[in-house]
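**Student:**
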Amino acid sequence: MQEQRKASNTTTSEIVLESLREQIINGTLQPQEKLVEAEIAQKFGLSRGPVREALRQLAFEGLVDYCPNKGCTVALLSPQDAYEVFFLRGSLEKLAIQKSNCRLSDYSLMIMEASIEDFRKAVLAGNTMKAVHADETFHLQIIHSAQLNRLTKMWELLSPLNGAMFLSVQNANRLEPNTPDPSTSHKGGAAVWTHQCLLEAIRINDLQATCDLLDQHYEETGRRVYRLSLMEAIGDGD
Numbered sequence: 430m431q432e433q434r435k436a437s438n439t440t441t442s443e444i445v446l447e448s449l450r451e452q453i454i455n456g457t458l459q460p461q462e463k464l465v466e467a468e469i470a471q472k473f474g475l476s477r478g479p480v481r482e483a484l485r486q487l488a489f490e491g492l493v494d495y496c497p498n499k500g501c502t503v504a505l506l507s508p509q510d511a512y513e514v515f516f517l518r519g520s521l522e523k524l525a526i527q528k529s530n531c532r533l534s535d536y537s538l539m540i541m542e543a544s545i546e547d548f549r550k551a552v553l554a555g556n557t558m559k560a561v562h563a564d565e566t567f568h569l570q571i572i573h574s575a576q577l578n579r580l581t582k583m584w585e586l587l588s589p590l591n592g593a594m595f596l597s598v599q600n601a602n603r604l605e606p607n608t609p610d611p612s613t614s615h616k617g618g619a620a621v622w623t624h625q626c627l628l629e630a631i632r633i634n635d636l637q638a639t640c641d642l643l644d645q646h647y648e649e650t651g652r653r654v655y656r657l658s659l660m661e662a663i664g665d666g667d
């Protein structure tokens, strides 16, 4: 007998939302996979109302596509989607770091340092959700430095899509032979190295170097994912 949840619709909707979002990000739910309200509700022991709310939010975040009379499916994110998400996130973080004049509190720097280590461990362990969370925590310190609430909200709107791109980013990094691979000093790959470089530039208040590194981090990652998608498309056509 399934345990019935006694929390409010808002709470149960958030439970469903977090679960589905995690399954989309870690690849358990595949692109274009159909999401049936009744089946999800039965799985969680809920009515359809909270499930419908969760799917509506996922559609708003861009992780789910809704088609009238057909229902919801997991979104198939295109190479253009990837490029836009990374370009916009990088642009918002550059605005934030320029507004703060590359000055972050010691507390924020401490959080960023810890996030790099958490990210490294998560990547090595193959834990997608922990890696995504560590990456978000790191970059959020940059956004918070501007102390602009609307800027923060704009950046947060892109977070679910950024998480969904994570597996593609990892695959792209592995397939790029020319990607700087500092694994000899930073186990975990190029992403760990890039974040460490960003942190060091911020520590010494080097605004230009920080902006350049953000450009490199996001634009190059977007291009790698784009090339990976093209390679996969060519492979599917064989």
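Each residue of the sequence shown is one higher than the last, beginning at 430 in my numbering. Backbone N, C-alpha and C fix where the C-beta goes; we use that ideal spot for every residue, glycine too.
1. Within its chain, find whatever has a CB closer than 7 angstroms to the CB of V561; leave out the 5 residues flanking it on each side and keep chain order.
2. Tell me which residue opens and which closes the alpha helix (DSSP H) that T581 is part of.
3. Return the CA-CA distance between C501 and M558, expressed in angstroms with no decimal places.
4. What's the C-alpha gap between M583 and I571?
5. Within 10 angstroms of the Cβ of S437, are there 16 or more other Cβ atoms? Answer buried if so, exposed if not.
6. Cβ of L517 within 9 angstroms of Cβ of R450?
7. Should T581 and I540 be called a contact, given that it needs their Cβ atoms to be closer than 9 angstroms?
8. Scan the region 469 to 494 and note each continuous beta strand (DSSP E) run of 3 residues or more that stays entirely inside, going in chain order.
9. Specify, as a first and last residue, the run of the beta strand (DSSP E) that G500 falls within.
10. Roughly how far, in whole angstroms, is the beta-carbon of L475 from the beta-carbon of T440, given that I think they are within contact range, below 8 angstroms?
11. Quick check: what's the CA-CA separation for K528 versus E466?
12. Check L517 in the structure and name its three-state DSSP category.
13. Which stretch, first to last residue, makes up the alpha helix (DSSP H) that contains V621?
14. By DSSP, does L386 sit in helix, in strand, or in coil?
15. I'd like to check one pair, L505 with L484: are the Cβ atoms closer than 9 angstroms?
16. If we count the other Cβ atoms within 10 Å of its Cβ and call it buried at 16 or more, is R549 buried or exposed?
17. Residues in its own chain within less than 7 angstroms of D644 by CB, not counting five upstream and five downstream?
18. Have a look at I444, T457, L446 and flag the residue whose alpha-carbon is nearest the alpha-carbon of N556.
**Tutor:** To lay it out plainly:
1. I454, G592, F595
2. 578 to 586
3. 23 angstroms
4. 14 angstroms
5. The pLDDT assigned to S437 is 47, lower than 50, so where the model puts this residue is not dependable, and the model offers no usable value.
6. no
7. no
8. none
9. 500 to 503
10. Not really, about 11 angstroms apart at Cβ, beyond 8 angstroms.
11. 44 angstroms
12. helix
13. 619 to 632
14. Since the first and last residues shown for the chain are 430 and 667, residue 386 lies out of range.
15. no
16. buried
17. G519
18. T457
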